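Right, one structure below, let's go through it.
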Amino acid sequence: MTRICRLLDLSANAQLEATASIARIFFAASGTQSFASPDAKIAFQERWLGRYLTFDPGLVFVALGDEGMVVGYLAGSFDDPASTARFSDVGFFKDFAPLTRRFPGHLHVNLDASLRNGGVGSRLVDAFCEAARAAGLPGVHVVTGKGVRNVGFYERLGFIERGSTLSHGKEIVFLGRSLRE
Ligand SMILES: CC(C)(COP(=O)(O)OP(=O)(O)OC[C@H]1O[C@@H](n2cnc3c(N)ncnc32)[C@H](O)[C@@H]1OP(=O)(O)O)[C@@H](O)C(=O)NCCC(=O)NCCS
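8 is the number of the first residue of the sequence shown in the working numbering; add one for each residue after it.
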């Protein structure tokens with residue numbers, strides 16, 4: 008049975024191992040598989056994962072498999088990314104600023120391929136939303152590609168398309184979930 012907990016609930020050693028597993032899952036699940044240089048790879052990891060581990064370690068949730076290995080993770084933030092300096096390098100947050108005020112929390116979730124389609128991702132998102140609700144956030148969001156498969160996953164969890172924009176020539180959608188309903 009897969010168990011969900013916060014990264015910070017693990018022992019210090021287990022957190023180190025978990026962080027390595029999270030990075031492995033991050034790269035395996037990423038749509039970007041080749042990098043111009045080692046520095047470009049590090050910058051990519053920092054942009055979509057590293058800074059969440061650094062600034063919001065309490066909002067990192069992990070899914071632990073039978074052997075206690077991390078088989079999935081969710082990393083997120085409660086800070087409105089359109090008005091938070093550390094996210095200023097992500098251009099699309101500016102486009103979505105009126106929406107991020109209503110749905111300030113955001114998340115990134117990825118699972119090992121072998122664990123997908125078993126409800127584990129839903130449990131990770133529910134854990135994050137429960138923490139966000141307890142912290143008094145009005146809503147949370149994800150940004151993903153228009154028409155990609157994970158849109159259905161989020162919609163079943165109560166996320167609704169609230170807007171779209173172009174990012175690097177591709178249409179992306181802002182999916183917001185109210186926590187006040
Ligand atoms: C998206 C993801 C976190 C969902 O977790 P999960 O435990 O597989 O989800 P559930 O079992 O609760 O729901 C199944 C739904 O997940 C989504 N999903 C499953 N495999 C997927 C994949 N390889 N890529 C994208 N979405 C996927 C689909 O919407 C699926 O529903 P469908 O079969 O009707 O298309 C997980 O599948 C995953 O890590 N996918 C690859 C990476 C990804 O897309 N991450 C989200 C980035 S915004």
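Using N, Cα and C, we set each Cβ at its ideal position, and we do this for glycine too. Please read these numbers as outputs of a predicted model, since none were measured by experiment.
* Asked: Can you name the start and end residues of the alpha helix (DSSP H) that E137 belongs to?
  -> 127-141
* DSSP state of V158 mapped onto helix, strand, coil -> helix
* What separation, rounded to the nearest whole angstrom, lies between the Cα atoms of F62 and F85? -> 11 Å
* **Close-in-space but distant-in-sequence residues of the same chain around L81 (CB under 6 Å, 5 per side omitted)** => F68, L114, V116, L131, F135
* To do: Could you check what DSSP says for N20 in three-state terms: helix, strand or coil?
  => helix
* **Spatial neighbours of L17 in its chain, beta-carbon cut-off 7 Å, leaving aside the 5 residues before and after** => A25
* Asked: Among R184, E178, G125, which residue has its Cα nearest to the Cα of V147?
  -> R184
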